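Residue numbering for the sequence shown follows the UniProt record's numbering, starting at 1 and increasing by one per position.
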Amino acid sequence: MGAECCGTQAGEAAGSRGSGRLWQVRELQLAVGAALLLTTGWLLGRAGAVPVGLGFELGAAVVGAFSFVPGALRNALRRRVGVGTLMTIAAIGAVALGQFAEAALLGVLFSIAEGLEHYAVARTRRGLRALLALVPPKVTVLRNGAELQVVPDELAVGDRMLLRPGERAATDGVIRSGRTNLDLSAITGESVPVEAGPGDNAYAGAINGGGAVEVEATAAASDSSLARIVHIVEEAQDRKGRGQRLADRIARPLVPAIMVLAAVIAALGAVLGDPLLWIERALVVLVAASPCALAISVPLTVVAAVGAASRTGALIKGGAALEELGRVGTVAVDKTGTLTRNEPGVVEIVSAAGVTEDEVLGTAAALESRSEHPLARAILAAADPPSAAQDVTAVPGHGLRGHLDGVPLRLGKPGWITTGGLAGDVERLQQDGATVVLVERDATLLGAIAVRDELRGEAPETIRQLHALGIDTAMLTGDNTRTAAALAQQAGIATVHAELLPEDKARLLGSLSNGRTIAMVGDGINDAPALATADVGIAMGTMGTDVAIDTADVALMGEDLRHLPQVLAHARHARAVMVQNLGLSLAIITALIPLAAFGVLGLATVVFVHELAEVLVIGNAIRAARTRPLPGAPPAPTAPVRQPAIAGKATNRPENDGCC
1 MGAECCGTQA GEAAGSRGSG RLWQVRELQL AVGAALLLTT GWLLGRAGAV PVGLGFELGA
61 AVVGAFSFVP GALRNALRRR VGVGTLMTIA AIGAVALGQF AEAALLGVLF SIAEGLEHYA
121 VARTRRGLRA LLALVPPKVT VLRNGAELQV VPDELAVGDR MLLRPGERAA TDGVIRSGRT
181 NLDLSAITGE SVPVEAGPGD NAYAGAINGG GAVEVEATAA ASDSSLARIV HIVEEAQDRK
241 GRGQRLADRI ARPLVPAIMV LAAVIAALGA VLGDPLLWIE RALVVLVAAS PCALAISVPL
301 TVVAAVGAAS RTGALIKGGA ALEELGRVGT VAVDKTGTLT RNEPGVVEIV SAAGVTEDEV
361 LGTAAALESR SEHPLARAIL AAADPPSAAQ DVTAVPGHGL RGHLDGVPLR LGKPGWITTG
421 GLAGDVERLQ QDGATVVLVE RDATLLGAIA VRDELRGEAP ETIRQLHALG IDTAMLTGDN
481 TRTAAALAQQ AGIATVHAEL LPEDKARLLG SLSNGRTIAM VGDGINDAPA LATADVGIAM
541 GTMGTDVAID TADVALMGED LRHLPQVLAH ARHARAVMVQ NLGLSLAIIT ALIPLAAFGV
601 LGLATVVFVH ELAEVLVIGN AIRAARTRPL PGAPPAPTAP VRQPAIAGKA TNRPENDGCC
């Protein structure tokens with residue numbers, strides 16, 4: 001029952017949700033008041049005080065109508081007709097026919113259904129908004145050599161925050177002094193603290209688990225990654241998926257069609273039979289055919305499912321992404337940073353006869369001393385501080401050349417430098433999934449260095465879980481074929497496409513899908529074309545990465561790859577709930593209309609069945625908030641500490657314009 005759908009305004013809805021207790025919901029309070037008046041009127045009528053009893057019943061009808069009539073009248077002034085309009089006409093018609101008790105029952109049940117919907121939306125959104133409660137109410141900053149306590153909203157970019165053991169970061173920043181362990185469990189779902197020191201990022205909500213550190217703020221509290229995530233998800237919850245668009249397409253013409261049908265029934269009845277009887281049946285048809293259950297069936301499921309996913313470390317950008325995610329039959333996975341840790345390291349050094357491993361590594365480090373390439377970082381991390389080579393130049397696609405103490409040096413890929421007597425070792429290392437570079441001094445081969453980005457420990461288990469869900473997998477990478485094939489075999493992936501440019505990955509997706517919905521999983525930067533081209537783009541490990549969150553339809557905030565099959569299983573469950581709700585809503589409408597038109601069911605029975613259907617749809621939609629861990633799934637995030645939240649974007653109940 002969207003804000004227009006059932007006659008309430010967004011502001012009223014927000015007010016209804018403002019309290020966290022079920023008994024504090026305004027619509028439910030009106031329903032209880034109307035029910036008490038109706039019961040009193042019924043008892044007085046049984047006692048013989050019929051006129052007084054009718055007065056109480058009329059009062060009950062008025063109180064119950066307060067949950068939808070004011071909004072319906074405002075919408076009518078804007079020339080917008082919705083379910084609230086139908087219910088208002090039916091209630092007024094019932095009162096005009098002297099059916100006070102039926103009008104009151106309509107108001108009671110309608111108010112209960114709307115109140116339960118508001119409560120369900122509030123419950124799912126409170127879990128999301130609780131993320132902002134991870135921000136502490138006060139933060140210590142260092143200004144002019146003194147420690148000051150300020151509220152997070154007063155933080156400015158460049159401020160130095162003093163983060164003591166056990167305290168949470170109030171906004172995003174970079175550690176400038178000290179070393180510690182950061183607990184990100186409530187944000188990303190990762191259970192293992194992350195070691196951090198100068199130059200490392202500390203995100204809003206992270207708990208300092210070690211020594212005191214100084215963190216330089218890189219964003220205002222209202223623009224932190226945590227606040228941005230909440231903002232993105234709240235906006236995403238209002239986006240429409242295919243199922244919701246189907247509900248809209250059905251509901252939009254259904255409302256005026258119902259009004260025309262009721263008018264035809266009343267007109268024909270007046271000509272062919274008792275006018276009063278057929279007018280009453282026309283009013284019953286208006287109530288029976290109200291598509292409110294249909295209108296709320298998908299939006300409420302989306303709110304519940306997206307909110308639940310965000311609490312387990314996955315950002316799903318609305319109904320469209322959620323529904324497509326539930327249809328995924330093929331997953332294409334990038335290698336570097338997704339299947340691997342994106343932390344290359346030297347795994348083996350093979351030296352030529354008469355040359356030591358330290359000599360090979362030192363010569364390579366001399367050439368790589370000023371390079372920022374990942375291979376260079378791995379070599380420099382393994383070597384002692386080198387003497388920098390002179391006149392170092394890059395040979396695109398091949399390697400580096402330079403001089404050390406006047407002696408020419410070269411480092412590069414096999415083929416540019418002859419493998420000589422190390423050909424067998426080079427082939428073996430490449431088949432093991434390593435990238436091999438050769439080192440040459442004065443035209444003499446010194447040796448080979450094998451660098452490998454190790455497979456994530458959970459990658460094979462993740463692939464097995466995807467296959468257990470009936471999902472095909474493929475690896476897409478720009479790395480060489482041998483390395484890609486070796487890592488894919490370790491992970492359990494049979495389909496491998498290597499040596500690809502970013503545009504090649506995007507072009508391959510169509511042929512890989514085999515007519516099924518395909519998802520692309522990558523790091524969200526160099527995989528941006530493929531993420532945008534896929535039916536569903538999933539960015540991996542994107543806490544704080546704007547490009548990844550903006551490009552992808554789904555962002556996995558943590559680094560544990562097992563979140564992927566978990567979110568896919570969750571989306572399938574949510575999509576099944578959507579289909580169930582749509583089917584139930586349409587079945588109820590289809591069954592009630594002819595029964596009401598031919599007088600088989602009276603107003604009271606139709607009202608009861610119709611509102612019961614809404615309650616069932618709401619209850620079923622709430623099931624979409626359940627996240628069922630797969631075997632071996634990563635631990636769920638710890639419960640957020642309830643602390644005052646920072647000021648953020650106001651929450652609006654997702655509007656559903658389809659029925660208006």
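For every residue, glycine included, the Cβ atom is placed at its ideal position computed from N, Cα and C.
These figures come from a predicted structure and were not determined experimentally.
Return the first residue and the last residue of the alpha helix (DSSP H) that residue i is part of.
{"i": "T444", "result": "That residue, T444, is in no alpha helix (DSSP H); its beta strand (DSSP E) goes T444 to R452."}
{"i": "R486", "result": "First, the amino acid is wrong: residue 486 is Ala here, not Arg. Residues T481 to A491."}
{"i": "Q390", "result": "Here Q390 belongs to no alpha helix (DSSP H); instead the beta strand (DSSP E) covers Q390 to V395."}
{"i": "L36", "result": "R26 to R46"}
{"i": "I417", "result": "No alpha helix (DSSP H) holds I417; DSSP gives it neither H nor E."}
{"i": "L315", "result": "Run containing L315: none in the alpha helix (DSSP H); it sits in the beta strand (DSSP E), A314 to I316."}
{"i": "L276", "result": "P275 to A288"}
{"i": "residue 661", "result": "Residue 661 is absent from the model: the chain starts at 1 and stops at 660."}
{"i": "A621", "result": "L603 to I622"}
Helix, strand or coil for residue i? Go by DSSP, reduced to three states.
{"i": "S67", "result": "coil"}
{"i": "M475", "result": "strand"}
{"i": "P654", "result": "Confidence is the limiting factor: at P654 the pLDDT is only 33, short of 50, which leaves the residue's position unreliable, though a coordinate-based value still follows. DSSP places P654 in coil when its eight states are reduced to three."}
{"i": "N181", "result": "strand"}
{"i": "D334", "result": "strand"}
{"i": "P253", "result": "helix"}
{"i": "L500", "result": "coil"}
{"i": "S351", "result": "strand"}
{"i": "H403", "result": "strand"}
{"i": "Q149", "result": "strand"}
{"i": "G515", "result": "coil"}
{"i": "P637", "result": "At P637, the pLDDT of 43 sits below 50, so the modelled position is not reliable; the number obtained from the coordinates is stated separately. In this structure, P637 counts as coil in the three-state DSSP scheme."}
{"i": "R168", "result": "strand"}
{"i": "L163", "result": "strand"}
{"i": "P460", "result": "helix"}
{"i": "G197", "result": "coil"}
{"i": "T363", "result": "helix"}
From the options, pick the residue whose C-alpha is nearest to that of residue i; which is it?
{"i": "A434", "options": "G402, A484 and F110", "result": "A484"}
{"i": "G599", "options": "R281, V606 and L584", "result": "R281"}
{"i": "A378", "options": "N342, K413 and A394", "result": "N342"}
{"i": "V439", "options": "V426, V50 and I417", "result": "I417"}
{"i": "A320", "options": "V255, T338, T301 and R311", "result": "T301"}
{"i": "A169", "options": "A314, V298 and P136", "result": "P136"}
{"i": "H502", "options": "M520, G478, E348 and E368", "result": "At residue 502 the sequence reads Pro, which differs from the His that was named. For the residues M520, G478, E348 and E368, the minimum Cα distance to P502 belongs to G478."}
{"i": "L616", "options": "S585, A389 and L630", "result": "S585"}
{"i": "T312", "options": "R176, L595, V213 and H570", "result": "H570"}
{"i": "I463", "options": "H563, A212 and T39", "result": "H563"}
Report the rounded CA-to-CA distance for residue i versus residue j, giving the unit in angstroms.
{"i": "S387", "j": "I449", "result": "18 angstroms"}
{"i": "P460", "j": "D535", "result": "24 angstroms"}
{"i": "M557", "j": "L375", "result": "26 angstroms"}
{"i": "P152", "j": "N581", "result": "42 angstroms"}
{"i": "A94", "j": "R46", "result": "21 angstroms"}
{"i": "V395", "j": "R401", "result": "7 angstroms"}
{"i": "R642", "j": "L134", "result": "Below a pLDDT of 50, predicted positions are generally treated as unreliable, and R642, at 32, falls in that range; the measurement from the model is reported next regardless. Roughly 7 angstroms separates the two Cα atoms."}
{"i": "D358", "j": "A486", "result": "28 angstroms"}
{"i": "A576", "j": "R516", "result": "17 angstroms"}
{"i": "S222", "j": "L469", "result": "39 angstroms"}
{"i": "Q99", "j": "A591", "result": "23 angstroms"}
{"i": "S224", "j": "L339", "result": "28 angstroms"}
{"i": "residue 661", "j": "N620", "result": "Outside the shown range of the chain, which is 1 to 660, sits residue 661, and nothing can be said about it."}
{"i": "V215", "j": "G522", "result": "29 angstroms"}
{"i": "R428", "j": "G205", "result": "46 angstroms"}
Taking residue i as part of the beta strand (DSSP E), name the residues at either end of that continuous run.
{"i": "P137", "result": "P137 -> no beta strand (DSSP E), and no H or E assigned at all."}
{"i": "A539", "result": "V536 to M540"}
{"i": "P568", "result": "Pro is not the amino acid found at residue 568; the sequence shown has Leu there. Note, L568: premise wrong, no beta strand (DSSP E); alpha helix (DSSP H) at H563 to A597."}
{"i": "R441", "result": "T435 to R441"}
{"i": "A217", "result": "V213 to A217"}
{"i": "V157", "result": "That residue, V157, is in no beta strand (DSSP E); it is neither H nor E in DSSP."}
For residue i, count neighbouring Cβ atoms within 10 angstroms of its own Cβ and tell me buried if that reaches 16, exposed if not.
{"i": "K138", "result": "exposed"}
{"i": "A257", "result": "exposed"}
{"i": "S511", "result": "exposed"}
{"i": "Q465", "result": "buried"}
{"i": "D274", "result": "exposed"}
{"i": "N144", "result": "exposed"}
{"i": "D442", "result": "exposed"}
{"i": "R164", "result": "exposed"}
Following a CB-centred definition, is residue i positioned closer than 7 angstroms to any heavy atom of the ligand MN?
{"i": "S297", "result": "By its list of ligands, the structure shown contains no ligand whatsoever, and the ligand MN lies outside what it can speak to."}
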